Every structure is written in C-alpha cells, then in structure tokens.
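Since the structure comes first, as structure tokens, the remarks are kept for the end.
Pasting the structure below:
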C-alpha cells in the first residue's frame with residue numbers, strides 16, 4: 008500500500024512517491040508541523056532514503072493504524088510513501104513529460120507507417136478483389152490507430168502512476184480502461200470533458216490530440232490514393248439529350 012498526504016491527511020493512493028522541494032530540509036515525522044494526520048504519525052518509521060529519481064521516500068510500519076485485535080494477528084508490513092511539500096519538481100516533471108511524448112509520437116507513427124507499408128507491399132501478394140482489398144486496408148488501419156491509442160494510454164499510466172508528473176480531475180481514473188477511454192477521447196480530438204488532465208499530463212494530452220489528427224488525416228489520404236488506384240468507376244448515366 009502506498010500513501011501520500013492530501014490536505015493535511017494521509018490517504019491511500021496507487022501513485023509512487025511524489026517529488027518534493029529538495030531545497031527544504033528533510034522533515035521529522037514527529038514535528039507537529041508535519042502535514043499528515045496524528046494517526047499516521049503513530050507509524051513506526053523504518054528508514055528514510057532518496058530513490059533513483061531523486062525523491063525522498065519513507066518506509067514505515069502501518070500496523071499502528073489497524074485495530075488492536077487485528078494488529079496482534081498481523082505480521083509486520085511496510086509501505087513506502089513520499090511526504091513533506093508534495094509538489095513535482097517543475098523542470099524534472101516537464102522533462103519526463105517531453106520524454107513520454109516523444110516516445111509516444113515515435114512509436115505510434117512507426118506502427119502506422121509499418122502497417123501502411125505492409126498494406127502496400129505485403130498485402131499486394133495476396134490475391135483479393137479490389138473491394139475486399141480496400142475493406143481489408145480499412146480494417147488494418149483501424150487496428151493501427153487502436154495500437155496508437157494503446158501506446159498513449161500506457162504513457163498516461165506511466166506518467167500518472169510511476170512518475171507522478173500529473174493527475175486527472177473530474178471522473179476518477181483508476182483502471183486500465185479509464186486510461187484507454189481518456190486516450191481515445193484525446194486521440195480523436197473529441198474532448199468530452201468528463202476527465203481532464205492536470206499538471207504536466209496536459210502537455211501529453213495536447214500532443215496526443217495533434218498526433219491523432221495527423222495520423223487520421225494520413226490514413227484518409229492513403230485510402231483515397233488506394234481507391235483511386237484500385238476502384239473501377241463505371242461510367243455515369245447521363246440524361247438523354249432532347250432531339251432538335
């Protein structure tokens with residue numbers, strides 16, 4: 008279980024330890040100004056350390072928060088959480104957001120290009136009628152967009168759960184399907200507004216909207232060129248000309 012302070016209290020959260028203002032001294036849990044509840048202060052602190060991302064974390068025994076009857080039967084358990092001024096380091100968070108955005112752009116674009124190249128070269132070796140070939144191309148490009156949405160959903164999960172560079176407001180975002188839903192809404196530039204990002208996840212959301220717009224337009228242009236090449240348009244019927 009991971010916990011982090013919210014409005015002066017400790018509440019369960021699935022996120023990793025949040026970054027703190029490193030210019031401040033490492034706080035003492037027993038300090039009355041420590042911004043967590045008195046119940047959490049009863050936890051026995053095991054160790055304090057700084058992880059690879061430069062974040063201070065505390066490992067503590069949370070059995071003190073359990074009822075006495077359950078505490079007697081429970082075995083020692085620990086949890087790790089970040090504390091003190093819980094605000095992301097702006098420059099580091101922005102850097103992480105840019106890295107996630109670049110990874111998502113390159114990955115989704117490469118997937119799209121590889122799929123279209125296979126449709127042009129690989130599928131050409133398969134004997135198909137023009138109608139069936141175009142239909143297969145539409146379905147394959149649909150799954151290419153699906154893969155791009157999954158890539159961005161994964162980046163949102165990493166930024167929210169592991170790096171803590173931002174969060175979400177509105178409806179709760181707790182499951183994989185929530186991240187996927189938000190990614191679909193952003194990728195298609197739909198923007199329903201029931202979930203909206205905060206902090207540096209806003210940058211990643213804007214990048215996904217731009218990437219989705221370009222890839223969707225790319226697919227449309229590709230299908231237009233493909234139909235011009237394969238589609239056999241019959242001559243259109245014309246009205247009879249009046250006899251003079």
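Residue numbers (our numbering): 8 to 251. Using N, Cα and C, we set each Cβ at its ideal position, and we do this for glycine too. Nothing here was measured: the structure is a model prediction, and the numbers come from that model.
Pairwise C-beta distances place the region 96-109 out of contact with the region 132-140, as fewer than three of them are shorter than 8 Å. Residue 205 sits in a strand when the DSSP states are folded into three classes. Beyond the five residues adjoining it in sequence on each side, residue 218 comes within less than 8 Å, by CB distance, of 111, 112, 115, 116, 155, 159 and 194 in the same chain, given in chain order. Counting only the Cα atoms, residue 174 lies some 15 Å from residue 183.
Judged by pairs of C-beta atoms under 8 Å, the region 141-155 touches the region 218-230, as three or more such pairs exist.
Rounded to whole angstroms, residue 189 and residue 226 show a C-alpha spacing of 22 Å. Per the C-alpha coordinates, the member of 162, 233 and 185 positioned closest to residue 109 is 162. One thing to note: residue 213 has its Cβ no nearer than 9 Å to the Cβ of residue 186. Residue 226 sits in a helix when the DSSP states are folded into three classes. Burial state of residue 247 is exposed, judged by a 10 Å Cβ sphere holding fewer than 16 other Cβ atoms. Per DSSP, reduced to three states, the secondary structure at residue 176 is strand.
A residue is called buried once 16 or more other Cβ atoms fall within 10 Å of its Cβ, and residue 144 is buried on that count.
A straight line joining the alpha-carbon of residue 230 with that of residue 211 spans about 28 Å.
The C-alpha of residue 148 lies about 32 Å from the C-alpha of residue 170. Secondary structure at residue 155: helix, using DSSP grouped into helix, strand and coil. DSSP places residue 196 outside any alpha helix (DSSP H), giving it a letter other than H or E.
Only residues of its own chain outside the window of five on either side were considered, and among them 200, 201, 202 and 203 have a CB closer than 8 Å to the CB of residue 177, listed in chain order. Take residue 141, set aside five residues on each side of it, and the residues of its chain with a beta-carbon closer than 8 Å to its own are 230, 233, 234, 237 and 238, in chain order. Distance check between residue 166 and each of 249, 228, 205 and 244 places 205 closest, using alpha-carbon atoms only.
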